[in-house]
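Just below is one structure, and these are the notes that go with it.
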Amino acid sequence: MVEYRIDRRSGVATYVQIVQQTKQALRLGVLEPGDKLPTAREVVEATAINPNTVLKAYRELEREGLVEARRGIGTFVRRSLGSAPADHTALRSKLTAWLDEARKEGLEREDISALFTSVLDEKCPEGER
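Here the sequence shown stands for residues 33 to 161, numbered as in the numbering used here.
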C-alpha cells in the first residue's frame with residue numbers, strides 16, 4: 033500500500049502531491065491494477081490534511097482513468113503506468129550509492145534534489161519519452 037508524504041513547504045498543492053505520489057507508485061509497481069488505495073480517513077490520519085483534499089486527488093486520478101471509486105467499498109487501481117514489469121534492483125543500487133556519496137560530500141536533501149532535478153531536466157526534457 034502507498035504511504036503519502038506531504039511536504040507543506042514545497043509550494044506544490046497537497047492534492048497534486050497525492051496525485052504525483054500515486055502515479056509514482058503506479059510506475060514503480062508499488063500499486064497494481066486491483067489494489068485498493070488508502071481510504072480518505074486513513075490518509076487524513078497519517079498526514080493531517082483535509083479529507084476533501086484527498087477526495088479531490090482521488091477524483092483527479094479517476095478522471096485520468098487510473099483509479100475507480102466503488103461506492104461503499106473504496107478506490108481501486110484500474111491500470112498501471114509502468115511498462116513491462118522490470119527489475120530495477122541494479123539501478124536502485126547505483127542510485128543508492130550515488131546518494132550515499134552525495135551525503136558524504138555534505139549535500140543536504142534539498143541540494144541532492146536540486147542536483148538530480150537539474151540533470152533530469154537536462155537529459156529528459158518535459159514532454160519527451
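Each residue gets a CB set at the ideal place from its N, CA and C atoms; glycine is no exception.
Quick caveat, the model's predicted, so the values are computed rather than measured.
Work out the CA separation of residue j and residue i for me, nearest whole Å.
i: A78; j: M33; result: 13 Å
i: P157; j: L147; result: 15 Å
i: L93; j: N82; result: 17 Å
i: T46; j: D39; result: 8 Å
i: L127; j: A134; result: 10 Å
i: I144; j: R41; result: 17 Å
i: D153; j: A57; result: 21 Å
i: A129; j: K136; result: 11 Å
Should residue i be labelled buried (16 or more other beta-carbon atoms within 10 Å of its own) or exposed?
i: P65; result: exposed
i: I105; result: exposed
i: A122; result: exposed
i: A80; result: exposed
Under the assumption that residue i contacts residue j (Cβ atoms under 8 Å), give the Cβ distance between them as a whole number of angstroms.
i: R59; j: L113; result: 5 Å
i: I50; j: V86; result: 7 Å
Measuring only between beta-carbons, confirm whether residue i sits less than 8 Å from chain C.
i: G138; result: In summary, chain C is missing from the structure at hand, where a single protein chain is found.
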